[in-house]
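Down below is the structure, laid out as structure tokens.
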Amino acid sequence: MTDLSAFPITRKWPAQYPDWIQLYSLPTPNGVKVSIMLEEIGLPYEPHRVGFDTQDQLSPEFLSLNPNNKIPAILDPHGPEDQPLPLFESGAILIYLADKSGQLLAQEGALRYETIQWLMFQMGGIGPMFGQLGFFNKFAGKDYEDKRPRDRYVEESRRLLNVLDKRLEGRDWIMGERYTIADIATFPWVRNLIGFYEAGDLVGISNFPNVTRVLERFLARPAVVRGLTIPS
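Every number in this note's numbering is 795 more than the matching position in the sequence shown, counting from 1.
Right, here's the structure in full:
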């Protein structure tokens, strides 16, 4: 049995199964990327809830794993050379798990880098812009009388949705017939935009039929259904 006692995070969240991947997360758009990925590839893992309501993400134990105090993060007891690997940033974790399992990302060639390209499109565009729109539409920013900040993120979100919709024209998934980590990264954010952020009408989501078509397909996957609620 692997000894994870050298990692302070296991003092706050003890590992019942220390030979499994330890997941520290919440069911947010970024968090569920990793739980969905783990459900898709079938590697054993143990989820731990990092409660924002109790500021777990600011605890010394969590910061010892991710000094950027963001979820998700993982601790893989069997990383490279069979040594424990702590890892944060959802995009980095998706690439790592894809390489570890040999699934959902081409191992070499142009298709690998094209997939990572669309993963970065989500990481650098869709995630930050949709998140800002959520702040100005649903959270504290909605009380600002000046709607120019909100409208700036509305327009940018529409632009990004248009890029995604054109990419999905005639395709089953972002990379065509092949379901990949690019889809796992992107569609939880689309779901959140029109659901939790209540911004579907604001961005005119009906104008992006390819996006909504593939979103429905994504949400019907059994691993996605499970992953969206982990950790509970």
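Cβ atoms here follow ideal geometry from the backbone N, Cα and C, with glycine treated the same way.
Close CB contacts of Asn863 within its chain, under the 7 Å cut and outside five residues either way in sequence, are with Phe883 (chain order). Taking 8 Å as the cut-off, the beta carbon of Gly999 is found closer than this to the beta carbon of Arg953. With a beta-carbon spacing of about 5 Å, Pro813 and Leu799 fall inside the 8 Å limit used to define contacts. Setting aside the 5 residues that flank it on each side, Gly826 is surrounded in the same chain by Ser820, Ile866 and Pro867, each with a C-beta closer than 6 Å to its C-beta; the list follows chain order.
Counting only runs of 4+ residues, the alpha helix (DSSP H) found wholly inside the segment 988-1019 occupies 995-998 and 1004-1014, in chain order.
Between the segment 1002-1019 and the segment 921-934, the count of Cβ pairs shorter than 8 Å is below three; the stretches do not touch. Collapsing the DSSP output to three states places Leu838 in coil. Counting along the chain, Phe883 sits inside the beta strand (DSSP E) bounded by residues Leu880 to Phe883. Here Val958 is exposed: its Cβ has fewer than 16 other Cβ atoms, across all protein chains shown, within 10 Å. Contact between Ile831 and Val985 fails: their C-beta atoms lie close to 14 Å from each other, not under 8 Å.
The beta carbons of Ile804 and Ser885 sit about 17 Å from each other, so the pair does not count as a contact at 8 Å. Two segments are said to touch when three or more pairs of C-beta atoms, one from each, lie closer than 8 Å; by this definition the segment 846-857 does not touch the segment 906-916. The DSSP assignment places complete alpha helix (DSSP H) segments of no fewer than 4 residues inside the segment 880-955 at 885-896, 905-916 and 922-932, in order along the chain.
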